[in-house]
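In mature numbering (1 follows the signal peptide of the UniProt record, and there is no 0), the protein residues as written are -22 to -1, 1 to 186. C-beta: ideal position from N, C-alpha, C; glycine also. None of these values were measured; they are calculated from a predicted model.
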């Protein structure tokens, strides 16, 4: 029996090492966000709620971690139109150390995001977009990371994933950033042919 605990810890370390291999894409060219350039980077955590069985993290620490993640991702864009990004940190749980492996909680973060057109002074999304974020994107950690990560590392990982999710949301709404809107095509269907002259189903020949 005494050998079981070291074995479990070794297994936990191996699993977390695999999770840590998830690709950081910040060195890659940024995705196409049209004319986007980051203006104000607004992060607030004054109403954040801590989920039970969590490490303690201050409002200031959360705001700093999230602002850094926003700068790291959106500061890469060099468009000609300023957009302001606002993120509210709503709730979190940071997996603590010292919990048995079989019951180790997962770290999770809940945020709400908004984006504004700076020149127009207008919010582009009708309602704040809420995200529930795990330390890895699928939320399928076998164990918590309290055994192998500091709370600062957990917060950095959660903030990175949160801002990446916000970027994905922006990419789903290209019309906000001077790009054509996405058109939804049902799976398995083909785009309809261009309309021809009245009463026909084919486009006119060139020059007619």
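- With 16 or more other Cβ atoms inside 10 Å of its own Cβ, residue 135 counts as buried.
- One alpha carbon belongs to residue 160, the other to residue 150, and they sit about 7 Å apart.
- The shortest CA-to-CA distance from residue 157 to any of 6, 4, 10 is the one to 10.
- Sixteen is the threshold: when 16 or more other Cβ atoms of the shown chains lie within 10 Å of the Cβ of residue 132, as they do, the residue is buried.
- About 7 Å separates the CB atoms of residue 88 and residue 108; that is less than 8 Å, so the two are in contact.
- The beta strand (DSSP E) runs lying completely inside the segment 91 to 159 and spanning 3 residues or more are 107 to 112, given in chain order.
- Judged by beta-carbon spacing, residue 70 lies within the 9 Å limit of residue 86, meaning their Cβ atoms are closer than that value.
- Pairing residue 130 with residue 84 gives a Cβ-Cβ distance that is not under 9 Å.
- Straight-line spacing of the CA atoms in residue 64 and residue 111 works out to 17 Å.
- Per the DSSP secondary-structure output, residue 46 pairs with nothing in a beta bridge.
- For residue 5 and residue 56, the gap between their C-alpha atoms comes out near 15 Å.
- Here residue 69 carries a strand assignment [DSSP, helix/strand/coil].
- A distance below 8 Å between beta-carbons, with the five flanking residues on each side excluded, links residue 148 to the following residues of its chain, in chain order: 11, 14, 93, 154, 155.
- Looking at the backbone, the Cα of residue 103 and that of residue 24 are separated by about 22 Å.
- Inclusion of residue 62 and residue 45 in the CB contact set at 9 Å is not warranted, their separation being larger than that value.
- Here the alpha carbons of residue 33 and residue 51 stand approximately 26 Å from one another.
- In terms of Cβ geometry, residue 97 and residue 60 form a close pair [threshold 9 Å].
- Residue 145 sits buried, since 16 or more C-beta atoms from the chains shown fall within 10 Å of its C-beta.
- Within the same chain, and ignoring the five residues on either side of residue 141 in sequence, the residues whose Cβ sits closer than 7 Å to its Cβ are 47, 48, 51.
- Per DSSP, residue 18 has no beta-bridge partner at all.
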